[in-house]
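Single-structure report; data block below.
Number of protein chains: 2
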Amino acid sequence: MAEARARAAGVVGLVPTMGFLHEGHLSLMERSATECDQTMATLYVNPLQFDDPADLARYPADHDRDLALAEACGVDLMVVPGAEEMFPNPPLTWVTVEGIGERLEGEYRPGHMTGVATVVTRLLAGLQPHRAYFGRKDAQQLAVITRLVQDLGFPVDVVGCPLVREVDGLALSSRNVLLGECRAEALALSRGLMRAADRFDQGERSATVLEAAVRDAVPDGAMDYARLCEVSTMTRATVAGGETVLVAAARFGPVRIIDNVFLVADHHGASADRGIRLGRPSLIYGSE
Amino acid sequence: MAEARARAAGVVGLVPTMGFLHEGHLSLMERSATECDQTMATLYVNPLQFDDPADLARYPADHDRDLALAEACGVDLMVVPGAEEMFPNPPLTWVTVEGIGERLEGEYRPGHMTGVATVVTRLLAGLQPHRAYFGRKDAQQLAVITRLVQDLGFPVDVVGCPLVREVDGLALSSRNVLLGECRAEALALSRGLMRAADRFDQGERSATVLEAAVRDAVPDGAMDYARLCEVSTMTRATVAGGETVLVAAARFGPVRIIDNVFLVADHHGASADRGIRLGRPSLIYGSE
């Protein structure tokens with residue numbers, strides 16, 4: 012549809028974050044700075060997407076460091092809205108994405124995906140970027156946002172960017188700093204996913220076999236799910252390939268972590284996308 | 012919040028309609044043309060907001076007349092999206108407004124207010140107007156849209172405009188053309204509301220008394236509801252004044268009609284807003 016507002020002379024990119032930035036966030040900022048004329052990032056710990064108050068209370072923060080890192084990555088404007096600014100009144104309006112947002116994280120974290128969809132809608136409505144950057148680590152979140160942008164007709168390109176891993180394979184997450192002594196144990200999840208990716212590259216296509224490769228690597232009782240899904244709908248796929256993603260979630264000590272590998276195959280061939288592995292310890296390695 | 016996109020040199024007004032325009036719609040267009048540099052109107056019979064397929068099937072249409080009328084009222088751009096353009100895929104994304112959208116019409120027409128909120132969000136997201144004009148005849152719809160714009164942070168001013176009535180008091184509605192022989196009977200609803208407005212102007216403040224004035228005027232069995240509500244929340248008010256609205260809905264033959272009077276009182280005084288009454292038969296008077 013026609014847009015009523017003249018777009019700015021330049022293309023504006025948006026990188027929404029909850030702060031405590033790591034190289035995953037920084038890669039989004041750098042990509043936006045490369046592709047867009049102006050890059051805005053938001054830093055807002057969105058209470059709507061926390062199903063667990065304890066998780067919200069301990070969510071790590073370091074605003075000064077975040078601002079310096081964002082600036083160094085080419086961010087032109089860092090938007091740090093206060094709670095009052097985002098929601099002067101407790102919101103009554105909710106954005107839900109049927110099916111895609113209800114499975115997996117939607118089951119394990121009731122209300123989480125609605126909280127994400129609602130706040131992302133608010134950021135897109137208020138900030139009106141041309142491009143918005145999200146990490147593929149949150150594969151289901153990316154599917155939800157891609158679909159809501161399509162259904163609600165926001166004139167924005169949603170750009171999914173590679174997951175970033177520590178040297179030892181752990182997917183970067185602001186919550187990793189809370190793993191403490193459980194960090195070594197938590198490596199089991201990425202290790203299982205890497206094994207599944209190897210099996211896929213060797214020709215294995217069975218969802219059951221690939222999911223089992225993850226489950227077998229994770230201690231009994233820690234696993235929430237390991238499931239092969241169609242990328243855009245997050246429905247279960249029985250056969251890997253096409254556009255599928257093997258998503259997994261598990262709990263280690265006080266922290267619940269999620270991770271995935273994209274398993275894609277078409278007539279050109281097949282490839283497991285394990286993300287990007289850092290060549291040196293990350294900024295927020297371990298619990299330091 | 013800062014907006015990423017430079018606003019056009021001028022202010023853009025939006026008038027969303029479902030077509031088969033009457034003087035209510037035209038008054039919105041004229042007001043936008045007066046207040047804004049550019050006026051866009053949309054003509055889209057939104058299937059998401061019809062709970063009754065028969066109601067959707069018989070909804071009247073006259074595109075050629077609509078386009079000529081809109082142009083004469085100063086509309087610069089008439090957007091007439093096809094179903095394919097609005098929803099290339101059946102939408103999975105829904106915008107709901109808790110409470111405000113669940114009462115009254117939300118009870119009598121399940122899904123209606125969610126359909127309205129979802130499509131209005133889509134129009135605001137895609138068209139990015141600075142001002143959006145809605146009639147006060149749909150008082151609950153106006154409350155829902157006002158709240159969703161606030162909660163989702165759309166940088167748009169929602170402008171509520173007076174209800175417009177036929178010479179004999181019937182509130183204008185595109186569906187009036189379907190009343191046929193029931194038209195005379197249907198006048199009972201506006202007559203009851205006018206009586207309540209008179210009572211209010213004479214000092215009556217009791218919700219029970221004012222609601223009864225409406226119910227007493229409408230034939231047994233035709234009434235869906237007559238309720239005094241707070242304007243912004245649509246919760247029931249027991250005392251008229253402040254910002255209240257007496258909303259009512261009733262069924263006459265094949266048509267369900269809604270109507271209202273705003274009953275406002277503050278330290279300056281009190282006034283019942285009955286809307287604007289045409290001095291001549293409307294464009295779509297009766298069933299012609």
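These protein sequences, in sequence, are chains A and B.
All letters in the first sequence, in the order written, are residues 12 to 299 by my numbering.
All letters in the second sequence, in the order written, are residues 12 to 299 by my numbering.
Quick reminder that beta carbons are idealized off the backbone N, C-alpha and C, glycines included.
The beta carbon of B:Phe61 does not come within 8 Å of any beta carbon belonging to chain A, so the residue lies off that interface. Taken through DSSP and simplified to helix, strand or coil, B:Tyr144 comes out as strand.
Judged by DSSP secondary structure, B:Leu257 falls within the beta strand (DSSP E) whose first and last residues are 253–263. The stretch 186–194 of chain A and the stretch 257–267 of chain A touch, with no fewer than 3 CB-CB distances between them shorter than 8 Å. Contact check between the stretch 218–236 of chain A and the stretch 245–255 of chain A: three or more CB pairs, one atom from each, fall below 8 Å, which counts as touching. Of all residues in the stretch 136–166 of chain B, the ones placed with a Cβ closer than 8 Å to any Cβ belonging to chain A are Ala136, Gly137, Leu138, Gln139, Pro140, His141, Arg158, Leu159, Gln161, Asp162, Leu163, Gly164, Phe165, Pro166, in chain order. B:Val167 is positioned such that its CB atom lies closer than 8 Å to that of B:Ala143. In chain order, Ala128, Val155, Arg158, Leu159 place their CB closer than 6 Å to the CB of B:Val108, counting only its own chain and leaving out the 5 sequence neighbours on each side. Interface residue (Cβ-Cβ distance to chain A less than 8 Å): B:Leu115 is not classified as such. For A:Pro230, the three-state secondary structure derived from DSSP is coil. Residue contact with chain B for A:Arg133: present (Cβ-Cβ distance below 8 Å to some residue of chain B).
Around the beta carbon of B:Asn100, fewer than 16 other beta carbons sit within 10 angstroms, so the residue counts as exposed.
Listed as beta-bridge partners of A:Tyr236 by DSSP are A:Ala260. Under the Cβ distance rule, B:Leu103 counts among the residues neighbouring chain A, one pair being separated by less than 8 Å. Here the alpha carbon of A:Arg114 sits roughly 9 Å from the alpha carbon of A:Gln151. Counting other Cβ atoms within 10 Å of its Cβ, A:Gln60 reaches 16 or more and is therefore classed as buried. In the assembly as shown, B:Ala136 is a buried residue. Its beta-carbon has 16 or more other beta-carbons within 10 Å. In the pairwise beta carbon analysis, the stretch 29–36 of chain B is classified as touching the stretch 73–84 of chain B: at least three pairs are separated by under 8 Å. Chain-ordered, the chain B residues with CB closer than 7 Å to the CB of A:Val108 read Leu103, Thr104. DSSP, read as helix, strand or coil, puts B:Ile111 in coil. Looking at the DSSP output, A:Cys172 bridges to A:Gly146. The DSSP-derived three-state label of A:Glu118 is helix. Proximity of chain A to B:Ile295 at the Cβ level (cut-off 9 Å) is not reached, the minimal Cβ distance being about 28 Å. Its chain contains Asp235, Ala260 as the residues whose beta carbon lies nearer than 7 Å to that of A:Tyr119, once the 5 sequence neighbours on both sides are disregarded; these appear in chain order. The C-beta distance from A:Met205 to A:Ile111 rounds to 26 Å, too long to meet the 8 Å contact threshold.
Three or more Cβ pairs closer than 8 Å define a contact, and the stretch 270–279 of chain A meets that threshold against the stretch 198–214 of chain A. Judged by their CB atoms, A:Val22 and A:Cys47 are nearer to each other than the 8 Å cut-off. DSSP places A:Ser201 in the uninterrupted alpha helix (DSSP H) bounded by 194–212.
Using a Cβ distance threshold of 8 Å, A:Ile295 and A:Pro173 do not count as a contacting pair. A:Gln213 counts as exposed, since fewer than 16 other C-beta atoms from the protein chains shown sit within 10 angstroms of its C-beta. For A:Ile111, the residues of chain B that pass the 7 Å Cβ criterion are Leu103, in the order they occur in the chain. One alpha carbon belongs to A:Met51, the other to A:Leu37, and they sit about 13 Å apart. CA-CA distance, A:Val229 to B:Gly24, rounds to 57 Å. For A:Met245, no pairing in a beta bridge is given by DSSP. Per DSSP, A:Pro27 is one residue of the beta strand (DSSP E) stretching across 23–28. An exposed status is given to B:Val178, since fewer than 16 other beta-carbon atoms sit within 10 Å of its beta-carbon.
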